[in-house]
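Note sheet for the following structure.
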Amino acid sequence: MEHRDYRDQQGQLPPEIYRRRRMVAIAVIVVVLILIVWGVVKAVNKGGDKNSSATGPSTVTVSSTAMVTEKPSNAPECASGALKIEAQVGRPNVAQGNNLPLIMKITNTSKKACKAELGAAHQRYEIYTMKANRPVWKSEICYTSAENRKEVLEPGETRRFTVNWEGTRQNADGNCSAQAAPVGPGAYKLFTLLNAQLGEPATFNVVPAGEDDTAVTENGDDTTAPSTSATTKKSTQKRTPQKTSSGSQPAQ
Numbered sequence: 001m002e003h004r005d006y007r008d009q010q011g012q013l014p015p016e017i018y019r020r021r022r023m024v025a026i027a028v029i030v031v032v033l034i035l036i037v038w039g040v041v042k043a044v045n046k047g048g049d050k051n052s053s054a055t056g057p058s059t060v061t062v063s064s065t066a067m068v069t070e071k072p073s074n075a076p077e078c079a080s081g082a083l084k085i086e087a088q089v090g091r092p093n094v095a096q097g098n099n100l101p102l103i104m105k106i107t108n109t110s111k112k113a114c115k116a117e118l119g120a121a122h123q124r125y126e127i128y129t130m131k132a133n134r135p136v137w138k139s140e141i142c143y144t145s146a147e148n149r150k151e152v153l154e155p156g157e158t159r160r161f162t163v164n165w166e167g168t169r170q171n172a173d174g175n176c177s178a179q180a181a182p183v184g185p186g187a188y189k190l191f192t193l194l195n196a197q198l199g200e201p202a203t204f205n206v207v208p209a210g211e212d213d214t215a216v217t218e219n220g221d222d223t224t225a226p227s228t229s230a231t232t233k234k235s236t237q238k239r240t241p242q243k244t245s246s247g248s249q250p251a252q
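Residues 1 to 252, numbered by UniProt numbering, are exactly what the sequence shown covers, in order.
Here you go:
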């Protein structure tokens, strides 16, 4: 009787079985690779979110600081004459007893950025009568501040600061009080000083309360209305700053 060996035949499987196994193995490998890639991407994104959360407030702080120090922090101090100081008023005529904004205009006239102390503690606003050049109101007496603020100004850059004047005069003893009397109708001039540097003055009129604020009557502190540039020039000549170790003091 012929003996047949079926071991080889039994050890081999149909070709389609092997193909299926290979396909399954490939699919498993692909899935594993996808999971690995997904895990790596998720880990990277999660780490980025943590970093963003951790640095978020710092970014805001730096941005806020940048708004103040966006200009060169190593800018030199403004040289003498680099800053132009000008006095301005909110309006040329104001009714007696009403408030008037007093403005200091500061411009860097040099060709390079420079830094200067612009804090309110270094600003002075002074009001004088036009004709007699009598002091009426001084911010160093009636409006004080301890603010220090050094800032950088680019070439041609202008800053404006405002103090509100209530239309009153300082008392005879040089003090200010809530009961201070309002100034009389007439023509006045405003001087502003920054770090003892005297600026160009501004002129304005105080008119009687309830009257048309377009002209000055002849019954007040002054009878000459400052309506021309010549008048302004004259007032500038009358008030020559006296340089001292503590700064310029307007003539009184």
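Using N, Cα and C, we set each Cβ at its ideal position, and we do this for glycine too.
Please tell me whether P76 and N108 are closer than 8 Å, where the distance is taken between their beta carbons.
no
In the DSSP assignment, find the unbroken alpha helix (DSSP H) run with residue 266 in it and report its ends.
Look at the range of the chain in this structure, 1 to 252, and you will see that residue 266 is not part of it.
Any idea which residues DSSP pairs K115 with across the strands?
E77 and V152
Through-space distance from E16 to L33, alpha-carbon basis
26 Å
Pull up the distance between the alpha-carbon of S80 and that of V152, whole angstroms please.
15 Å
Taking the alpha carbon of E166 as the reference point, which residue from S145, A196 and I127 has its own alpha carbon closest?
I127
Pull up the CB-CB distance for V89 and I106, whole angstroms please, since I reckon it's below 8 Å.
That belief does not hold up - the Cβ atoms of V89 and I106 are roughly 16 Å apart, past 8 Å.
Would you grab the beta carbon distance between P182 and V207 for me? Rounded to a whole angstrom, and I think it's under 8 Å.
Not quite, the Cβ-Cβ distance comes to about 12 Å (not below 8 Å), so this is no contact.
In three-state DSSP terms, what is G39?
helix
Cα-Cα separation, R189 to S139
Looking at the sequence itself, residue 189 is Lys, so the reference to Arg does not match. Cα to Cα, the separation comes out at about 14 Å.
Hey, would you say N205 sits closer than 8 Å to P135, going by beta carbons?
no
Helix, strand or coil for S135 per DSSP?
Position check: residue 135 holds Pro in this sequence, whereas Ser was assumed. Here P135 sits in strand by DSSP.
Limits of the unbroken beta strand (DSSP E) element including V163:
T158 to W165
Are the CB atoms of A146 and A116 within a distance shorter than 8 Å?
no
Distance check for Q170 and C142, CA to CA, integer angstroms please.
7 Å
Local Cβ density within 10 Å of P201, reported as buried at 16 or more and exposed below that
buried
Find the nearest neighbour of A180 within the set C114, G97 and A25, judged by alpha-carbon distance.
G97
Start and end of the beta strand (DSSP E) containing R124?
Q123 to T129
DSSP-derived helix/strand/coil call for A120
helix
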